[in-house]
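Enquirer: This structure is in structure tokens; I'll ask about it shortly.
Protein chains: 2
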Amino acid sequence: MLPIDPIAELAPSPRLLLGPGPSSVHPRVLRAMSTPLLGYLDPEFLRLLDETQELLRYTFQTTNALTLPVSGTGMAGMEALLVNLLAPSERLLVCAAGFFGNRLEEVAHRHGIEVTRIDKPWGEVYAPEEVDTALRAHPAKVVALVHAETSTGALQPLEGLGEIAHRHGALLLVDAVTSLGGLPLRLDAWDIDAAYAGTQKCLGCPPGLAPVSVSPRAREAIGARTQPPSAWYFDLELLARYWGPDRAYHHTVSATLVYALREGLRLVAEEGLEALWARHAANAEYFCAGLAELDLVPFVAPAHRLPTLITVRVPHGVDEAQVRTRLRTEYGIEIGAGLGPLKGQVWRVGLMGHSSRRENVTLLLGALKEILVRRD
Amino acid sequence: MLPIDPIAELAPSPRLLLGPGPSSVHPRVLRAMSTPLLGYLDPEFLRLLDETQELLRYTFQTTNALTLPVSGTGMAGMEALLVNLLAPSERLLVCAAGFFGNRLEEVAHRHGIEVTRIDKPWGEVYAPEEVDTALRAHPAKVVALVHAETSTGALQPLEGLGEIAHRHGALLLVDAVTSLGGLPLRLDAWDIDAAYAGTQKCLGCPPGLAPVSVSPRAREAIGARTQPPSAWYFDLELLARYWGPDRAYHHTVSATLVYALREGLRLVAEEGLEALWARHAANAEYFCAGLAELDLVPFVAPAHRLPTLITVRVPHGVDEAQVRTRLRTEYGIEIGAGLGPLKGQVWRVGLMGHSSRRENVTLLLGALKEILVRRD
């Protein structure tokens, strides 16, 4: 027998998670996860699935029948929608301006999808007429944009883009990982055909599920395919057979993660989406006002600044990694580093879900002041 | 705004999970999941990842460096290994004798992998010389077998198969979903090149992660590929960059599920694999002895009967669904129905992980007696 040495009891240090995700999990969600499991075909569990879908539809502001959480993290949601909406050799147009726009292209390439990517400098967003022009120049079956670009902190406006896509015969695919629950997102009113999200950002849950929603128009496109999606685990119509009345076995959905998501979404519904959006906006505003007092400057212009993820320029001469280390070790606070071209240039501060609370902002601003201003 | 009606507090009925999975989660694992999260790059979390890998290596009985949990359920583990070991148009040989053997073929087809499937009646297993003959007749890059076929209750012996595969220039891929932790499995001693499992069977954890392990020989084959795996989320070398010293971001690994798996594996290590295997064997033996007293007959011959999942023939004239319903509603016990050709023919009783306890067997036998024998 190959042996093993004893491994110590789980005892992580307390952390206030104010990075790009995961954010801090709501205590009610933590408690829900210690609930003993139901089997995946137990009638009581099937009722919980239905309720979770109802709550997801409310949170996405949609009546889409095909609304369910994929059993993986947000990246699984991205890959699931790509392989369902697009067959190999079909064309995807990505309007990119950050890390996750690029990633849409990278993931699509794995499946033989033809990709046209247009780019803007990181931190900028696309105007509707730019999307219109791009679709005219690069006809595609699907056009994809990132609603809340976690790498830059920019908020891509989506109103009007669905109509533009449809005029060009394209479907509109949206990355809503860092927006779902944290800022206005209305799939039906905005004619969005497909969106994926994560649970560990604005929903107060741990990572592990990727809520997705697909419009009837997009579902028709899936139904018109001549070959099934190029990944079995992500085949949405197979998933819909389990989440729908058939209850046909596909894989063993995690009761624990469903408990968590359902509880996180119940909290969303109790607070109300509009109140939740307003809370995220108010705490972001309070944070940015505090930054100004510390002579710290957000990376993104106010007009397109996310309330859920704020990128802050690292002042000249400051060791950005040391600041993050001190926040973690002295204050128990996690914030994120810059990604890609913004590495070393910005910090990424997430104010999402249960982490978006005024007292957290006060603490972070106080800690930054102690580290940056009184650093002599 | 689209509205929503209030959804009630989570309050599932208590269930003793004695079906094909999930099995009941150990209380220590449930408690671990209510622990607040660490960020996925927190030095403390990275240490937990290392420890989880160490524990997984012990449980798989391997020194394979590439040993980690994929962020999905057991089926994600299956698809991950298929797309990493095999490029489109490469050949897989599946020695099937049940539902999950068939599924290996189905999933492989999605990726353009050429599949040869040989079949035996459900409930039977392959002798080493049969695998040898099959590989001679159908040369393949990978030969796959299901160690513990959850649909039939049959235990496929694996000793000697690695050597046979290698003699034919093939890699040996094993489905260990219902065996890992519950019965002898020794990746290194048995020359197994790749195995995937689930957490919700014999490890006492909820579903959500798929432990996989890949031998140096199989990893070399992955490294020799000219194109990357045909699914981005399942690309093991990208995952290894996060689980290894690079710590390169791929997706947001779920701290909660890692807490759960680490705790479930700590329980495995504390009890010791050999004691754990013996417990599963003893409880299965006790259950089968009790079945005999009720004139109930296991579907699989004793020589190849799994200790973790026992299929029981439904006696003539008995409404099998009603028995399951009464077990659930009157005793709070879940057992499973038959799958595929065994639908209506068998019940599937799982005695796995924390569910494999003598008192559970006593209760199930008592309940079956009350329902079946005193049913007049």
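These protein sequence lines are chains C and D, in that order. With this note's numbering applied, the first sequence corresponds to residues 133 to 508, in that order. With this note's numbering applied, the second sequence corresponds to residues 133 to 508, in that order. Idealized CB from N, CA, C, for every residue including glycine.
1. Identify each residue in the stretch 145 to 177 of chain D for which the Cβ-Cβ distance to at least one residue of chain C is less than 8 Å, and report them in chain order.
2. What does C/Trp-364 touch in chain D if you count any residue whose Cβ is under 8 Å from its own?
3. Spatial neighbours of D/Phe-192 within its chain, please: CB distance less than 6 Å, with the 5 preceding and 5 following residues excluded, ordered by chain position.
4. So, does the CB of C/Leu-188 fall closer than 7 Å to a CB anywhere in chain D?
5. Is D/Pro-339 close to chain C? Criterion is C-beta to C-beta, closer than 7 Å.
6. Compare the C-beta of C/Arg-398 with all C-beta atoms of chain D and state if any pair is closer than 7 Å.
7. Would you kindly check if the distance between the Cβ of D/Ala-276 and the Cβ of D/Trp-254 is under 7 Å?
8. Cβ closer than 8 Å: which chain D residues qualify as neighbours of C/Leu-405?
9. Along the chain, where does the alpha helix (DSSP H) that runs through D/Tyr-190 open and close?
10. Just by C-beta distance, which residues in the stretch 317 to 337 of chain D are closer than 8 Å to chain C?
11. Pick helix, strand or coil for D/Glu-246, following the three-state DSSP scheme.
12. Could you check whether C/Glu-176 and D/Pro-447 sit closer than 7 Å to each other, using their CB atoms as the reference points?
13. Considering only residues of the stretch 194 to 260 of chain C, which uninterrupted beta strand (DSSP E) runs meet the minimum length of 3 residues and lie entirely inside it, listed in chain order?
14. Under 6 Å Cβ to Cβ from C/Pro-339, same chain only, skipping five residues before and after it: list those, please.
15. Does C/Gln-74 get closer than 7 Å to chain D when you measure Cβ to Cβ?
16. Beta-carbon within less than 7 Å of D/Arg-490's beta-carbon, same chain only, minus the 5 sequence neighbours each way: which residues are those?
17. Buried or exposed, going by whether 16 or more other CB atoms sit within 10 Å of the CB of C/Met-133?
18. Listing by chain order, which chain C residues have their CB less than 9 Å from the CB of D/Ile-503?
19. Chain D partners of C/Arg-394, CB-CB under 8 Å?
20. Any idea which residues DSSP pairs D/Glu-281 with across the strands?
21. Would you say C/Tyr-463 faces chain D, with C-beta separation under 7 Å as the test?
22. Using a C-beta cutoff of 7 Å, does D/Ile-136 count as contacting chain A?
23. Ignore the nearest five residues each way along the sequence and tell me which others in D/Arg-147's own chain have a CB closer than 6 Å to its CB.
24. Consult DSSP for C/Ser-487 and reduce its assignment to one of helix, strand or coil.
25. Taking the alpha-carbon positions, what's the D/Glu-262 to D/Arg-437 distance?
26. What do you reckon, are the CB atoms on C/Val-161 and C/Cys-337 nearer than 7 Å?
27. Can you tell me whether C/Val-505 is buried or exposed? The criterion is at least 16 other CB atoms within 10 Å of its CB, across all chains shown.
28. Quick test of your reading: D/Phe-431 and D/Val-444, contact by CB under 8 Å. State the CB separation rounded to the nearest angstrom.
29. Along the chain, where does the alpha helix (DSSP H) containing D/Leu-303 start, and where does it finish?
30. When you compare the CB of C/Ala-342 with every CB in chain D, is at least one pair closer than 7 Å?
31. Taking 7 Å as the cut-off, decide whether the C-beta atoms of C/Leu-315 and C/Pro-434 are in contact.
32. For C/Ala-329 and D/Val-493, what's the separation of their Cα atoms in angstroms?
33. Got a sec: which bits of the stretch 364 to 388 of chain C sit with their beta carbon under 9 Å from any beta carbon on chain D, in order along the chain?
34. Looking only at its own chain, which residues have a Cβ that is under 7 Å from the Cβ of C/Val-215, when we skip the five neighbours before and after it?
35. Among D/Tyr-391, D/Leu-170 and D/Glu-502, which residue has its Cα nearest to the Cα of D/Leu-426?
36. Can you look up D/Ala-276 in the DSSP assignment and give me helix, strand or coil?
Expert: Working from what's here:
1. Ser-145, Pro-146, Arg-147, Leu-149, Gly-151, Gly-153, Pro-154, Ser-156, Val-157, Leu-162, Arg-163, Ala-164, Met-165, Ser-166, Thr-167, Pro-168, Leu-169, Leu-170, Gly-171, Tyr-172, Asp-174, Glu-176 and Phe-177
2. Here the question's residue 364 of chain C lines up with position 232 in the first sequence. In chain order: Met-207, Glu-211, Glu-238, Val-239 and Arg-242.
3. Your numbering for residue 192 of chain D matches position 60 in the second sequence. Excluding sequence neighbours, D/Phe-192 sits near Leu-319 and Ser-345.
4. Your numbering for residue 188 of chain C matches position 56 in the first sequence. By this cut-off, C/Leu-188 is not an interface position.
5. Numbered from its first residue, the second sequence carries residue 339 of chain D at position 207. Yes, contact with chain C.
6. In the first sequence, residue 398 of chain C corresponds to position 266, counting from 1. Yes, its Cβ sits closer than 7 Å to a Cβ of chain D.
7. What you label residue 254 of chain D is simply residue 122 of the second sequence in a count that begins at 1. What you label residue 276 of chain D is simply residue 144 of the second sequence in a count that begins at 1. Contact flag unset, no.
8. Residue mapping note: residue 405 of chain C aligns to position 273 of the first sequence, counting from 1. Correct list: Met-133.
9. For this step, residue 190 of chain D is matched to residue 58 along the second sequence. Counting along the chain, the alpha helix (DSSP H) containing D/Tyr-190 begins and ends at 175 to 192.
10. Asp-320, Gly-330 and Gln-332
11. Taking the first residue of the second sequence as position 1, residue 246 of chain D is located at position 114. D/Glu-246: strand per DSSP, three-state reduction.
12. For the purposes of this step, residue 447 of chain D is taken as the residue at position 315 of the second sequence. For the purposes of this step, residue 176 of chain C is taken as the residue at position 44 of the first sequence. No. Outside cutoff.
13. 198 to 202, 223 to 228 and 246 to 251
14. Position 207 of the first sequence holds residue 339 of chain C. Excluding sequence neighbours, C/Pro-339 sits near Pro-154, Thr-205 and Gln-332.
15. Limits of chain C in this structure are 133 at one end and 508 at the other, which puts residue 74 of chain C out of reach.
16. As a first step, residue 490 of chain D must be located in the second sequence, where it is residue number 358. Excluding sequence neighbours, D/Arg-490 sits near Asn-415 and Tyr-418.
17. Along the first sequence, read from residue 1 onward, the residue named residue 133 of chain C stands at position 1. With fewer than 16 other Cβ atoms within 10 Å, it is exposed.
18. Residue numbering aside, residue 503 of chain D sits at position 371 when the second sequence is read from its first letter. Simply none; closest approach about 18 Å.
19. In the first sequence, the residue the question calls residue 394 of chain C occupies position 262. In chain order: Ile-139 and Leu-142.
20. The residue labelled residue 281 of chain D in the question sits at position 149 within the second sequence. In DSSP, D/Glu-281 forms a bridge with D/Ala-286.
21. In the first sequence, counting from the first residue as 1, residue 463 of chain C sits at position 331. So no, C/Tyr-463 is outside the interface.
22. Among the protein chains of the structure shown, namely C and D, there is no chain A.
23. Working through the second sequence from its first residue, we reach residue 147 of chain D at position 15. Gly-464 and Glu-466.
24. Here residue 487 of chain C is taken as the residue at index 355 of the first sequence, counted from 1. Helix, per DSSP.
25. Position 130 of the second sequence, counted from the first residue, corresponds to residue 262 of chain D. Position 305 of the second sequence, counted from the first residue, corresponds to residue 437 of chain D. Going by the C-alpha atoms only, they are around 19 Å apart.
26. The residue given as residue 161 of chain C occupies position 29 in the first sequence. The residue given as residue 337 of chain C occupies position 205 in the first sequence. Contact flag set, yes.
27. In the first sequence, counting from the first residue as 1, residue 505 of chain C sits at position 373. C/Val-505 is exposed by the Cβ-count criterion.
28. On the second sequence, position 299 is the one that residue 431 of chain D refers to. On the second sequence, position 312 is the one that residue 444 of chain D refers to. About 7 Å; that satisfies the 8 Å criterion.
29. If you number the second sequence from 1, residue 303 of chain D lands on position 171. Careful: D/Leu-303 lies outside any alpha helix (DSSP H), inside the beta strand (DSSP E) at 303 to 307.
30. Numbered from its first residue, the first sequence carries residue 342 of chain C at position 210. No, because no Cβ of chain D sits closer than 7 Å to the Cβ of C/Ala-342.
31. Numbered from 1 along the first sequence, position 183 holds the residue referred to as residue 315 of chain C. Numbered from 1 along the first sequence, position 302 holds the residue referred to as residue 434 of chain C. Cβ distance not < 7 Å, so C/Leu-315 and C/Pro-434 don't count as in contact.
32. In the first sequence, counting from the first residue as 1, residue 329 of chain C sits at position 197. In the second sequence, counting from the first residue as 1, residue 493 of chain D sits at position 361. Rounded to whole angstroms, C/Ala-329 to D/Val-493 spans 42 Å at the Cα level.
33. Trp-364, Tyr-365, Phe-366, Asp-367, Tyr-381, His-382, His-383, Thr-384, Val-385, Ser-386, Ala-387 and Thr-388
34. Here the question's residue 215 of chain C lines up with position 83 in the first sequence. Hits under 7 Å: His-243, Pro-361, Ser-362, Ala-363 and Phe-366.
35. Taking the second sequence and counting its residues from 1, the one referred to as residue 426 of chain D is at position 294. Among D/Tyr-391, D/Leu-170 and D/Glu-502, the Cα nearest to that of D/Leu-426 is on D/Glu-502.
36. Sequence index remark: in the second sequence, residue 276 of chain D carries index 144 (1-based). In the structure shown, D/Ala-276 sits in a strand (DSSP, three-state: E or B).
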